[in-house]
Amino acid sequence: MNALREHAEQQYAEELSKLAKVDTKTRPPRWQLSPWAVATYLLGGKLDDGFVVSPKYIGNRRVIEIAIATLATDRALLLLGVPGTAKTWVAEHLAAAIAGDSTLLVQGTAGTSEESVRYGWNYARLLAEGPSRKALVASPLMRAMQEGKIARVEELTRIPADVQDSLITILSEKTLPIPELGEEVQAVKGFNVIATANNRDRGVNELSSALKRRFNTVVLPLPDSIEEEVSIVQQRVESLGRALELPAEPPALEEIRRIVTVFRELRSGATADGKTKVKSPTGTLSTAEAISVVNNGLSLAAHFGDGTMRAADVASGLIGAVVKDPIQDRVVWQEYLETVVKERDGWKDLYRACKNHD
Ligand SMILES: Nc1ncnc2c1ncn2[C@@H]1O[C@H](COP(=O)(O)OP(=O)(O)OP(=O)(O)O)[C@@H](O)[C@H]1O
Ligand SMILES: [Mg+2]
């Protein structure tokens, strides 16, 4: 396999098959693993024979257990949270572990049509042969219903309200009528839906209350502590580095800690010791963005430096993440740089590297 990005069920095929082997607990109909094994796949753990399952989600165990338990009922799962809290990531891994297939995906946008939620037609065939099952093009949702798998709907609230409504019958009646053929597709056991939505997008297209009632909502929180966030960034960077075959050293923990500190202080509006107030920039400064700042820094260090990531390698990425609005955010950043970064013990190199970028 030489895909730039493998699907979760391909990348973690070994972990999934090991788990399936030792898993003696009850599996809901058509699930590849029991809820316990799905949770172990997501949160990581050590099997009795010593095999180590890597953690995919780092955070509150209960959140993941509730998500999995929901999928074993007839209610769908809505993962809600601010950008970069691993909603898409968790949805993909849940689908991979439960159905062995994370590819049945509808990407929600303002242009998502009813066809992409229900079904469309192969027009050449439709014209030549008239409406038939063969001329019908199933949506990922329809295929999930037929095969008893998990369908994913990304960015549900970006989908226009009338298109969202076509999900209601699917979720409540578990059937998808095809009036043109006088038929319907009935969902097979094992079918369910995981949707994600960003609570910063609220107001784009609010979920109708009829649709909301079909979902159990699980909120993915921002990491509580700096330790937790540092360890998320570190683990994700390590596995991304492996996948991208970056020749760099293992990520410098101290540099990661500084980046996460800057992100958290700017996000929360105060320094970690609570003594100095700082202004927050317009961007979200999510954990996901911290991961990419570190990743870019490592790539610079590996290809143009000596392999050790230093302040100069992370400065441009850091400024790029903070300064999204060229005027407003620049003021916020300058103030933070002069009042916090400049004065902090051991941060002179970072101050100088950032100054060099202006
Ligand atoms: N708690 C966490 N545990 C593990 N990885 C995390 C965590 N939080 C963020 N990440 C990482 O952040 C990256 C981005 O996550 P993802 O794209 O799933 O975010 P999202 O919530 O869908 O954001 P958006 O609202 O922008 O779509 C992923 O690589 C993921 O591994
Ligand atoms: Mg997402």
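According to the numbering used here, the sequence shown is numbered sequentially starting from 2. Glycine included, each C-beta is placed from N, C-alpha and C at the ideal position.
- Scanning Gly298, Lys280, Ala92 and Thr89 for the CA closest to the CA of Leu351 turns up Gly298.
- For Trp348, the secondary structure class from DSSP, reduced to helix, strand or coil, is coil.
- A distance below 8 Å separates the beta carbons of Thr277 and Val341.
- Taking 4 residues as the shortest admissible run, the region 52-85 contains the following complete alpha helix (DSSP H) segments, listed from N- to C-terminal end: 62-72.
- Chain order is used for the residues whose beta-carbon lies nearer than 5 Å to a heavy atom of ligand 1, namely Tyr58, Ile59, Gly60, Pro84, Gly85, Thr86, Ala87, Lys88, Thr89, Trp90, Asn199, Ile233, Arg237, Thr288 and Ala289.
- Checking the 7 Å criterion, the Cβ of Thr197 is within range of a heavy atom belonging to ligand 2.
- Ranked by Cα distance from Leu212, the first of Thr104, Ala96, Ala77 and Thr25 is Ala77.
- A residue is called buried once 16 or more other Cβ atoms fall within 10 Å of its Cβ, and Ser133, having fewer, is exposed.
- DSSP, read as helix, strand or coil, puts Gly318 in helix.
- Residue pairing from DSSP leaves Pro132 without any beta-bridge partner.
- Annotation for Glu155 indicates a beta carbon within 7 Å of some heavy atom of ligand 2.
- When the beta-carbon positions are compared, Ile65 and Leu44 come within less than 8 Å of each other.
- Residues Glu155 and Thr197 of the same chain have their beta carbon placed closer than 8 Å to that of Thr89, with the five preceding and five following residues left out of the count.
- For the pair Pro30 and Lys190, the Cα-to-Cα distance works out to about 6 Å.
- For the options Glu15, Arg63 and Leu267, the alpha carbon positioned closest to that of Ser55 is the one of Glu15.
- For Leu106, DSSP records a beta bridge to Arg153.
- Under the 8 Å Cβ criterion, the region 310-326 does not count as touching the region 109-122, having fewer than three qualifying pairs.
- Counted as a single uninterrupted DSSP element, the stretch harbouring Glu266 is not any beta strand (DSSP E) but the alpha helix (DSSP H) occupying residues Leu254 to Ser269.
- Following the DSSP letters along the chain, one finds Pro36 inside the alpha helix (DSSP H) bounded by residues Pro36 to Leu44.
- A Cβ-Cβ separation of about 7 Å places Ile151 in contact with Leu105 under the 8 Å criterion.
- In this structure Gly131 is not in contact with Gln33, their Cβ atoms being roughly 39 Å apart against a cut-off of 8 Å.
- Around Val39, the same chain offers Trp32, Ile69, Leu95, Ala98 and Ile99 as residues with beta carbons nearer than 8 Å, after the five sequence neighbours per side are excluded.
- Counting C-beta atoms within 10 angstroms of its own C-beta, Tyr58 has 16 or more neighbours from the protein chains shown and is therefore classed as buried.
- Taking C-beta atoms as the reference points, Ala139 and Asn123 fail to come closer than 8 Å.
- The three-state secondary structure of Lys47, taken from DSSP, is strand.
- Contact check for Glu230 against Arg201 fails: the beta carbons are separated by 8 Å or more.
- Taking a C-beta distance under 8 Å as the contact criterion, Leu17 and Glu10 qualify as a contact pair.
- In the structure shown, Trp122 adopts extended strand secondary structure according to DSSP, grouped into three states.
- For Asn199, the three-state secondary structure derived from DSSP is strand.
- Per DSSP, reduced to three states, the secondary structure at Thr309 is coil, with no helix or strand assignment.
- Out of Gly183, Ala188, Asp24 and Ile169, the CA that lies nearest to the CA of Met143 is found in Ala188.
- Where Leu137 is concerned, the enclosing beta strand (DSSP E) starts and stops at Leu137 to Ala139.
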